[in-house]
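In my numbering, the protein residues as written are 6 to 395.
Ideal Cβ placement from N, Cα and C applies to all residues, glycine included.
The next block holds one structure in the form of structure tokens; read it before the comments.
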């Protein structure tokens, strides 16, 4: 249309995908030739503009068949040379990558060479970070805090390292220290995750009561009260067991999952326990025992146990009676039960927290905190929630 019928174009699709030289993406291409009269005239300029507008890769067209054959041979030779260079480079990169991913010859069961280099760099960086904290030129001096219970072990280790060495290190205990000691909390694999949760809210001061020990039980228990379902809790419990089983594989690749593996197990366990208390398995009641309610007709039920505690049949042995599932007042009764349990245990947990605050005030002999904070907090909380319960 642009040439008004004064050109002849021939299109030939390429059967194989071709890598676009501009984008490097494998695409379907076609080869076309445009014939027209007047080389270098206005028609050539129109054709060139149209090709440039569509982003066409243009090449010089041979003037004769002999020149085309020579050009073909040259291009095939260039392609072969580039393919050979590409193959050689790929083989070289593959061999180098294999060498980096293979453990060293002296330790075939160890880490790969790249991992050893990474760990070496981390170790060197950690050493230089410690050296930057030291003062002095020939004899370096650094102030450190250490647990008092570990002092004998540190001295014994330094003496062992000093044996047969021209350089030595020794530990001197300074009694007159004006700065406040940092908080050091000894943790293990089970309590590490819970301590991280407590630290997100606030790190206890030196020799202050640490609520993480109580949170090991209270946190998953309250979670189970909110998430009480035997089915969902079982899935969470199995996921935690899988994390514990594959802990060593996750230690460095997924450190967060490695740290919370026991937390997931605890959350799943208490969710299962609360699910049995609520008698809820994927929102379906479990008929573990005979119901203590019997139908009297018209969709009405009456208790089938000794409500007066006169020596007759007792209530449902464990948890919620499955007869409540599907009843008209199920949501009214179950939601009220869960809400009251949540408020009860929530207030109990906060009361324990206030008592820990009392303990801190007594230990520090700070009567100002006790009178102005601890006592008002306890009075306000008990009066407020007591008024709500009434």
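| Query | Result |
| --- | --- |
| Hey, residue 35 and residue 12 are a contact pair by Cβ (cut 8 Å); roughly how many whole angstroms apart? | Contact flag wrong, Cβ pair sits at about 17 Å. |
| Beta-carbon within less than 8 Å of residue 144's beta-carbon, same chain only, minus the 5 sequence neighbours each way: which residues are those? | none |
| Could you compute how far the alpha carbon of residue 115 sits from the alpha carbon of residue 256? | 16 Å |
| In three-state DSSP terms, what is residue 306? | strand |
| Rounded to whole angstroms, what is the Cα-Cα separation between residue 287 and residue 99? | 51 Å |
| Would you mind stating whether residue 163 and residue 176 have Cβ atoms separated by less than 8 Å? | yes |
| Which residue comes first and which comes last in the beta strand (DSSP E) that contains residue 427? | Since the displayed the chain opens at 6 and closes at 395, residue 427 lies outside it and no answer follows. |
| Leaving out five residues on either side along the sequence, give the residues of the same chain with a beta carbon under 7 Å from the beta carbon of residue 452. | Since the first and last residues shown for the chain are 6 and 395, residue 452 lies out of range. |
| Can you give me the start and stop residues for the beta strand (DSSP E) that residue 35 sits inside? | 35-40 |
| Could you please give the first and the last residue of the uninterrupted beta strand (DSSP E) stretch that includes residue 125? | Taken as a continuous stretch (DSSP letters only), residue 125 belongs to no beta strand (DSSP E), being part of the alpha helix (DSSP H) at 118-136. |
| Out of 186, 323, 210, 217, state which residue places its alpha-carbon closest to the alpha-carbon of residue 199. | 217 |
| Buried or exposed: residue 225, going by 16 or more other Cβ atoms within 10 Å of its Cβ? | buried |
| Going by DSSP, what residue range makes up the beta strand (DSSP E) through residue 274? | Looking at the DSSP string, residue 274 is not in any beta strand (DSSP E); the run it does join, the alpha helix (DSSP H), is 266-283. |
| Leaving out five residues before and five after residue 178 in sequence, what residues of the same chain have Cβ atoms less than 8 Å from its Cβ? | 156 |
| Give me, in chain order, the residues of the same chain whose beta-carbon lies closer than 6 Å to that of residue 390; leave out the 5 immediate sequence neighbours on both sides. | 352 |
| Need the endpoints of the alpha helix (DSSP H) that residue 205 sits in, please. | 197-206 |
| The alpha helix (DSSP H) that contains residue 50, what's its start and end? | 47-58 |
| If you draw a straight line from the alpha carbon of residue 23 to that of residue 33, how long is it in whole angstroms? | 6 Å |
| Would you say residue 327 and residue 291 are within 8 Å of each other, going by their C-beta atoms? | yes |
| Could you spell out the range, first to last residue, of the alpha helix (DSSP H) harbouring residue 103? | 70-106 |
| Quick one, are the C-beta atoms of residue 1 and residue 227 less than 8 Å apart? | An answer regarding residue 1 cannot be provided, because it is not within the stretch 6 to 395 covered by the chain. |
| Which residues in the same chain have their Cβ closer than 6 Å to the Cβ of residue 134, if we skip the five residues on either side of it in sequence? | none |
| Does the distance from the C-beta atom of residue 317 to that of residue 276 stay below 8 Å? | no |
| For residue 240 versus residue 272, is the C-beta spacing smaller than 8 Å? | no |
| Quick one: what does DSSP say residue 296 is sitting in, helix, strand or coil? | coil |
| Tell me residue 18's beta-bridge partners as DSSP assigns them. | 35 |
| Helix, strand or coil for residue 149 per DSSP? | coil |
| Find out if the Cβ-Cβ distance for the pair residue 265, residue 244 is shorter than 8 Å. | no |
| Report the rounded CA-to-CA distance for residue 111 versus residue 192, giving the unit in angstroms. | 36 Å |
| Restricting to Cα atoms, I'd like to know which of 31, 56, 46, 28 is closest to residue 38. | 56 |
| Would you say residue 299 and residue 306 are within 8 Å of each other, going by their C-beta atoms? | yes |
| If you draw a straight line from the C-alpha of residue 210 to the C-alpha of residue 354, how long is it? | 21 Å |
| Could you name each continuous beta strand (DSSP E) segment of 3 residues or more that falls completely within the stretch 165-248, going from the start of the chain to the end? | none |
| Just checking my contact of residue 282 with residue 325 at CB under 8 Å: how many whole Å lie between their CB atoms? | 7 Å |
| Who are residue 24's beta bridge partners in DSSP? | 31 |
| Taking the alpha-carbon positions, what's the residue 237 to residue 340 distance? | 19 Å |
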